[in-house]
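Right, one structure below, let's go through it.
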Amino acid sequence: MEEKKMVKSRFKRVCVFCGSSAGKRNCYRDAALELGQELVSRKLDLVYGGGSIGLMGLVSQEVHRGGGHVLGIIPKTLMNKEITGETIGEVRVVKDMHQRKAEMARHSDCFIALPGLCLKLFSLLFLNQQWLIILFLSISMLGGYGTLEELLEVITWAQLGIHDKPVGLLNVEGYYNCLLSFIDQAVDDGFIDPSQRNIIVSAPNAKELVQKLEEYVPVHNGVVAKAKWEAEQVELNASLQTEIAR
Numbered sequence: 312m313e314e315k316k317m318v319k320s321r322f323k324r325v326c327v328f329c330g331s332s333a334g335k336r337n338c339y340r341d342a343a344l345e346l347g348q349e350l351v352s353r354k355l356d357l358v359y360g361g362g363s364i365g366l367m368g369l370v371s372q373e374v375h376r377g378g379g380h381v382l383g384i385i386p387k388t389l390m391n392k393e394i395t396g397e398t399i400g401e402v403r404v405v406k407d408m409h410q411r412k413a414e415m416a417r418h419s420d421c422f423i424a425l426p427g428l429c430l431k432l433f434s435l436l437f438l439n440q441q442w443l444i445i446l447f448l449s450i451s452m453l454g455g456y457g458t459l460e461e462l463l464e465v466i467t468w469a470q471l472g473i474h475d476k477p478v479g480l481l482n483v484e485g486y487y488n489c490l491l492s493f494i495d496q497a498v499d500d501g502f503i504d505p506s507q508r509n510i511i512v513s514a515p516n517a518k519e520l521v522q523k524l525e526e527y528v529p530v531h532n533g534v535v536a537k538a539k540w541e542a543e544q545v546e547l548n549a550s551l552q553t554e555i556a557r
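For the sequence shown, the positions run 312 to 557 when the numbering used here is used.
Rendered as structure tokens:
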């Protein structure tokens, strides 16, 4: 019997942004499972939002089943909504959504997002360029408003040079085509520098996407000192942990 070939990766942990819903089409479920299998084949651990249902549940179960370490980070307020039944791997409870994003980013080497977002929030990328100074490179899986918000924030962090981690879209059956067209229009109209268009990596399947992320070369102007941001995150994390313990 032929064994699956293990592919050596430059990453150790991948953050996956995905929804607590599985969507209406089987292709989204299949993509979540395929992504989990690809992470296992590269011996990559998973960092995700901590839910046990929807796409969150599918990708975390697949990585866990394959022997990978799974770290779920979830706010107290979402425990009853996003976790049902048995949890997978390690679950870390945090105070709120802000700490959830900071912790997911801190523990990851790159990020992945499945489909699921809303045009209403696209403008955040442009309207908030002057003050959104925290963002991480991510791969985005399917999800709703939350997935989009997480995705745009990490793209902005990459744009500002806060991190050098890649951001990827798992563009299942063209799900993200409208978003990519929207961003291309912003480049054409002068709202995004052409060089920064390359911050976002996309591919129709998990294998191709992860390979593109492996080959990604950071593009930023180093506006914010990375070391300073990381130090602030450590301080913030210690403060929030104290608040949660109260």
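From the three backbone atoms N, C-alpha and C, an ideal C-beta is built for every residue, glycine too.
The structure presented is a predicted model; accordingly, all values stated were derived computationally and were not measured.
Around the beta carbon of P505, fewer than 16 other beta carbons lie within 10 angstroms, which makes this residue exposed. In the three-state DSSP reduction, A333 falls in the coil class, being neither helix nor strand.
Looking at Y339, I423 and L389, the one whose alpha-carbon comes closest to that of R324 is I423. The Cβ atoms of F322 and D420 lie closer than 9 Å to each other. DSSP places P386 in the strand class (E or B) of the three-state scheme. When DSSP reads this structure, L357 sits in a beta bridge with V325 and V381. According to the DSSP secondary-structure assignment, I510 is paired through a beta bridge with no residue.
A distance of 9 Å or more separates the beta carbons of V374 and L389. Counted as a single uninterrupted DSSP element, the alpha helix (DSSP H) harbouring V374 occupies residues G365 to R376.
Closest in C-alpha terms to R417, from the list D495, I384 and K354, comes I384. The beta-bridge partner set that DSSP reports for G479 consists of I423 and V512. In the DSSP annotation of this structure, the continuous segment of the beta strand (DSSP E) that includes E401 starts and ends at E401 to V405.
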